[in-house]
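*Asks:* So the number in our numbering is just where the residue sits in the sequence shown, counting from 1, plus 10.
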Amino acid sequence: MAALRVLLPVRGPLRPPVRCPAWRPFASGANFEYIIAEKRGKNNTVGLIQLNRPKALNALCDGLIEELNQALKTFEEDTAVGAIVLTGGDKAFAAGADIKEMQNLSFQDCYSNKFLKHWDHLTQIKKPVIAAVNGYAFGGGCELAMMCDIIYAGEKAQFAQPEILLGTIPGSGGTQRLTHAVGKSLAMEMVLTGDRISAQDAKQAGLVSKIFPVETLVEEAIQCAEKIASNSKIIVAMAKESVNAAFEMTLTEGRKLEKKLFYSTFATDDRKEGMTAFVEKRKANFKDQ
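1. Please find out if some non-hydrogen atom of the ligand HEM comes closer than 7 Å to the beta-carbon of Ala93.
2. Can you list, in chain order, the residues of its chain with a C-beta nearer than 7 Å to that of Arg206? Leave out the 5 residues immediately preceding and following it.
3. Taking only runs of the beta strand (DSSP E) that begin and end inside the region 88-170, which ones reach a length of at least 3 residues, in chain order?
4. With H, G and I counted as helix, E and B as strand and the rest as coil, what does DSSP make of Lys237?
5. Could you please give me the residues that DSSP links to Ile59 through a beta bridge?
6. May I ask you to list the residues that DSSP assigns as paired with Ser242?
7. On the CB-based measure, 16 or more other CB atoms within 10 Å of its CB, does Gln134 come out buried or exposed?
8. For Val56, I'd like the list of residues in its chain whose CB is within less than 8 Å of its CB, leaving aside the five on either flank, ordered along the chain.
9. What is the DSSP secondary structure of Leu217, reduced to helix, strand or coil?
10. Do Glu153 and Pro180 count as a contact pair if the criterion is CB distance below 8 Å?
11. For His131, which residues of its own chain have a beta-carbon under 7 Å away from its beta-carbon, when the five flanking residues on both sides are left out?
12. What distance in whole Å lies between the Cβ atoms of Cys158 and Ile174, which are believed to be in contact at a cut-off of 8 Å?
13. When you compare only the Cα positions, how much space is there between Leu267 and Met285?
14. Take Leu202 and list the residues in its own chain whose beta-carbon comes closer than 8 Å to its own, dropping the five residues that flank it on each side.
15. Starting from Leu70, follow its DSSP beta bridges and name the residues at the other end.
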């Protein structure tokens, strides 16, 4: 949740991810200060959101989160978009929350105003979200990446929950999602020491799906998103719901939900089309129905 910016020397502005073109509005009226959003992929089926607050190492201020939520909502409602990629810069995905915004808050401020509640909007998105993490993913940045459905990492990516060094603890899922992802021992070590782990260690521990060179990371994430977007959107949403349930339910409860969702696919035209196409040895033509 918090960033140790005092430990991270800034050597100039972040460079945009390689092959990530200059900003252009992705929807009517979209004019962001802290993010860049556009459609990508051969058929514009991928929503790409780039955190763009380079002088602060993409520290997650309130305005950035509000803009992120707005972009996510727009892509969620866009029927042409089948998956979303969330990335930052080459040096930092996000180095944490903005400490200046939190420094003078009281318990009453946090409790009464439900501080950080709007950070969870990402977890409510039905379309798959892929985090493409280059550089620092510390505190809130690590938590934001873990809210995504898949994490791809650049070779030099680093992950950490350093809140303990600031006299607090993770407040946006860090102690919970990290424990589910890497197990109690490593999660406890990271949370209690604030130590960083490399992309390689993160992959070995199960936090990261794949590792790519810095310069190709975003394109690899977009290609994965395109592959997901080529499937039935309604079936993809069911699959995502079922996998996420594994973190919330017992195995017995999860299996019951899985079975219900599996049965539900038989009420869709896309299930019929998918199986018919397989039998007829042709590519399925999904209509998202």
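Don't be surprised by glycine CBs; every beta carbon is placed ideally from N, CA and C.
Nothing here was measured: the structure is a model prediction, and the numbers come from that model.
*Replies:* On the basis of the supplied data:
1. Annotation note on the ligand HEM: not contained in the displayed structure, which lists no ligands.
2. Gln168, Phe169, Ala170
3. 93-97, 102-104, 139-143, 146-148, 160-164, 168-170
4. helix
5. Ile59 is bridged to Ala47, Leu96.
6. Under DSSP, Ser242 takes part in no beta bridge, so it has no partner.
7. With a 10 Å radius around the Cβ and a threshold of 16 neighbouring Cβ atoms, Gln134 comes out exposed.
8. Lys49, Arg50, Val91, Gly92, Ala93, Ile94, Val95, Ile232, Ala235, Glu236, Ala239
9. coil
10. Cβ atoms of Pro180 and Glu153: closer than 8 Å.
11. Asn79, Leu82
12. Between Cys158 and Ile174 the Cβ distance is about 24 Å, and since that is not below 8 Å, they are no contact.
13. A direct Cα-Cα distance of roughly 22 Å separates Leu267 from Met285.
14. Ile174
15. Ala107
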